[in-house]
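Participant: Numbering (the numbering used here), first residue to last: 170 to 383.
(1) Need the endpoints of the alpha helix (DSSP H) that residue 260 sits in, please.
(2) If residue 193 sits next to residue 340, beta carbons under 8 Å apart, how far is it from one beta carbon to the other, in whole angstroms?
(3) Given a cut-off of 8 Å on the beta-carbon distance, is the pair residue 209 and residue 299 in contact?
(4) Under 8 Å between the Cβ atoms of residue 396 and residue 186?
(5) Would you be able to state if there are at least three C-beta pairs under 8 Å between the region 296–316 and the region 264–281?
(6) Evaluate contact between the region 257–266 and the region 363–381, counting only Cβ atoms and requiring at least three cross-stretch pairs below 8 Å.
(7) Within the same chain, show all residues whose beta-carbon is closer than 7 Å to that of residue 306, passing over the 5 residues directly before and after it, in chain order.
(8) Report back the beta-carbon spacing between residue 363 and residue 273 to the nearest angstrom; my notes put them in contact at under 8 Å.
(9) Go to residue 187, then tell me how far its alpha helix (DSSP H) extends in each direction, as first and last residue.
(10) For residue 334, which residues of its own chain have a beta-carbon under 8 Å away from its beta-carbon, when the five flanking residues on both sides are left out?
(11) Have a look at 240, 291, 346 and 278 and flag the residue whose alpha-carbon is nearest the alpha-carbon of residue 216.
(12) Report the rounded CA-to-CA distance for residue 211 versus residue 357, giving the unit in angstroms.
(13) Could you compute how far the alpha carbon of residue 348 sits from the alpha carbon of residue 225?
(14) Give me the Cα-Cα distance between residue 223 and residue 338, rounded to the nearest whole angstrom.
(15) Within a Cβ cutoff of 6 Å, which residues of the same chain sit near residue 220, ignoring the five residues on either side of it in sequence?
(16) Quick check: what's the CA-CA separation for residue 343 versus residue 197?
(17) Report yes if the CB atom of residue 289 is closer than 8 Å to the CB atom of residue 206, and no otherwise.
(18) Is residue 328 close to chain B? Criterion is C-beta to C-beta, closer than 8 Å.
(19) Run through the DSSP bridge pairs and tell me what residue 325 is partnered with.
(20) Just the C-alpha distance for residue 230 and residue 336, rounded to the nearest angstrom, thanks.
(21) Using a Cβ-Cβ cut-off of 7 Å (strictly less than) and excluding sequence neighbours within five positions of residue 276, which residues of its own chain qualify?
Have a look at this one:
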């Protein structure tokens, strides 16, 4: 590939575009989970934790175990991705995005009108990995935290930073909307498209990594 293209990719990596793309993937994944796995959430661990507490009090062990499995899948994948990324920092983005793509792809054959626990666990693991793609962005899928940061920036008069936060929220909503449309048009193919998008991101990150320094 021409060096001018790889140099452009390296320059783009320093803009907001990669983060917005990651947030959009998270939004798209969350939309599919809301459509096909209402009791088990792959992106929203706060909701899973609340459901777990309710299940424990109700003695509903059959509901608690799947929740623990999804939470553990998210946490273990996020931890492993962070561990490997810390040891191979220059490979962080390609590795995390490839991991996300593979995990989502593995969930595709299992997906249906209602996602089984195994599929949701794989998707949760993929979201755990994508959250480690950027060392400076630990909460790609954490939209509640994003709103807190927007409010703080507004309160401090940092309007450019607040606008960037609004952009992230809009990217999440756009990803969710597009994924919902893809689900309507292609069914389980929507999840495959998300996996392919994550893999494309990994390829772009790899090219940017190999671009010559300016």
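In this text, a Cβ means the ideal position worked out from N, Cα and C, and glycines have one as well.
Facilitator: So, from the listed chains and residues:
(1) For the purposes of this step, residue 260 is taken as residue 91 along the chain shown, with counting starting at 1. Counting along the chain, residue 260 falls outside any alpha helix (DSSP H), and DSSP gives it neither H nor E.
(2) Indexing the chain shown from 1 puts residue 193 at position 24. Indexing the chain shown from 1 puts residue 340 at position 171. About 5 Å separates the two Cβ atoms, so the contact holds.
(3) As a first step, residue 209 is located in the chain shown; it is residue number 40 there, counting from the start. As a first step, residue 299 is located in the chain shown; it is residue number 130 there, counting from the start. No, Cβ-Cβ distance for residue 209 and residue 299 is not below 8 Å.
(4) What the structure shows of the chain is the stretch from 170 to 383, and residue 396 is not part of that stretch, so it cannot be assessed.
(5) yes
(6) yes
(7) Your numbering for residue 306 matches position 137 in the chain shown. Counting only Cβ-Cβ distances below 7 Å, and skipping sequence neighbours, we find 188.
(8) Along the chain shown, one-based indexing puts residue 363 at 194. Along the chain shown, one-based indexing puts residue 273 at 104. Confirmed, about 6 Å.
(9) The count along the chain shown starts at 1 and reaches residue 187 at position 18. Per DSSP, residue 187 belongs to the alpha helix (DSSP H) from 186–205.
(10) Taking the first residue of the chain shown as 1, we reach residue 334 at position 165. Here the set comprises 315, 316, 318, 319 and 322.
(11) On the chain shown, position 47 is the one that residue 216 refers to. The option with the nearest alpha carbon to residue 216 is 240.
(12) Translated into positions along the chain shown, residue 211 becomes position 42. Translated into positions along the chain shown, residue 357 becomes position 188. Each residue's Cα considered, the two are about 16 Å apart.
(13) Within the chain shown, the letter at position 179 stands for residue 348. Within the chain shown, the letter at position 56 stands for residue 225. Their backbone Cα atoms lie some 33 Å apart in a straight line.
(14) Position 54 of the chain shown, counting from 1, holds the residue named residue 223. Position 169 of the chain shown, counting from 1, holds the residue named residue 338. Using only the alpha carbons, I get a separation of about 29 Å.
(15) Here residue 220 refers to the residue found at position 51 when the chain shown is read from its first residue. The answer, listed in chain order, is 236.
(16) By one-based count along the chain shown, residue 343 stands at place 174. By one-based count along the chain shown, residue 197 stands at place 28. About 8 Å.
(17) Here residue 289 refers to the residue found at position 120 when the chain shown is read from its first residue. Here residue 206 refers to the residue found at position 37 when the chain shown is read from its first residue. Cβ atoms of residue 289 and residue 206: closer than 8 Å.
(18) As a matter of chain content, chain B is missing from the structure shown, which is built from one protein chain.
(19) Stepping through the chain shown from its first residue, residue 325 is reached at position 156. None, per the DSSP bridge assignment.
(20) Stepping through the chain shown from its first residue, residue 230 is reached at position 61. Stepping through the chain shown from its first residue, residue 336 is reached at position 167. Taking the straight line from one Cα to the other gives about 40 Å.
(21) The residue labelled residue 276 in the question sits at position 107 within the chain shown. Answer for residue 276: 288, 291, 292 and 360, listed in chain order.
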